[in-house]
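Worksheet: one structure, shown below.
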Amino acid sequence: MIGAYHALAGTLYFIGDFKTARRYAERGVQLWRAWGAESHAEEVLAPTVVCLCYEALSDWHLGESASCKAIMAQANSLATELKNTNPLAVALWNAVLLGHYARNPAEVERLTSDLIELSTRNNFPFWLSGANILRGWTRSVSGDPAEGISWIEHGIRDYRATGSMLGVPYFFSLKAEALYLAHRTSEALEAISEAEALVERSEDRHWCAELHRLRGVFLTAIVADEVQSEVSFCAAIRTAKEQKSISLEKRAEGTYAEYRRQKASASGERGFRLPLC
């Protein structure tokens, strides 16, 4: 049953139904707490750890910034208690994601270093490639986008070599951010278009609001038709509302407000660079 809740929570999370995903993840955790069920040897990822991770990530989307950190800490604690490197890698990876969602590069750098060391030691190419991608993001936002792009591109290549498609649209959004910071905005838009095409193939919609928002940011920078920028920002807000992602809704509304402020003060000039968050 806990494994079933884990699978259902993950499916709902990636299609963008964060509220329902959280409910099923929480049920899996409650069942474990009530019965103290242990994972079987064949359950490599420890479903209770994964349920805690999905609960934490969903809480972030739902605007519960304090509880999401506490729940992620529980996931890490349980993974450590199990003395199994696979659940520990899962917990570390999801903590990395949470750090990125909060746009905390120092936290992401610290956690990716731990995950890279663990993955290298235990030959985990899946987690290693993901950690390299997020390390690339930290390098980009910390002032070295050229190095960041290299890390991200190599990480995406290695990740796709594992055969996985889930999460790739999200990774392309990180590549797009790095390209924008390197003043390669046209290429950043191409990365967003590739991410959106992958969304249609995989139905991985958990980062769609951000894809729309970033498209609006990039269109504004290249002096595109103002209507296109407006459409992208409104699509970001609408998508976040539909998915009940309070955090992404606030981010999209903040960027849109900054766009309108800069547009009003531009005195007829077109083309300006918006911050990424």
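Take the sequence shown: its position 91, counting from 1, is numbered 92 in the numbering used here, and each next residue is one higher. For glycine and all other residues, C-beta sits at the position ideal for the given N, C-alpha and C.
Under the three-state reduction of DSSP, Cys54 is assigned to helix. Here Ala198 is actually not in contact with Pro146; their C-beta atoms are around 24 Å apart, not less than 8 Å. Between the beta-carbon of Glu154 and that of Lys176 there is about 7 Å, and that keeps the pair under the 8 Å contact cut. DSSP, read as helix, strand or coil, puts Met73 in helix.
Going by C-alpha positions, Ala253 is about 23 Å away from Glu56.
Closest option to Ser66, judged by alpha-carbon separation, among Gly131, Ala103 and Thr186: Ala103. Pairwise C-beta distances place the segment 138 to 145 out of contact with the segment 155 to 170, as fewer than three of them are shorter than 8 Å. Our two residues, Ile16 and Arg202, have alpha carbons roughly 12 Å apart in a direct line.
As the crow flies, the alpha-carbon of Arg261 is around 12 Å from that of Gly272.
Here DSSP, grouped into helix, strand and coil, assigns Ile223 to coil.
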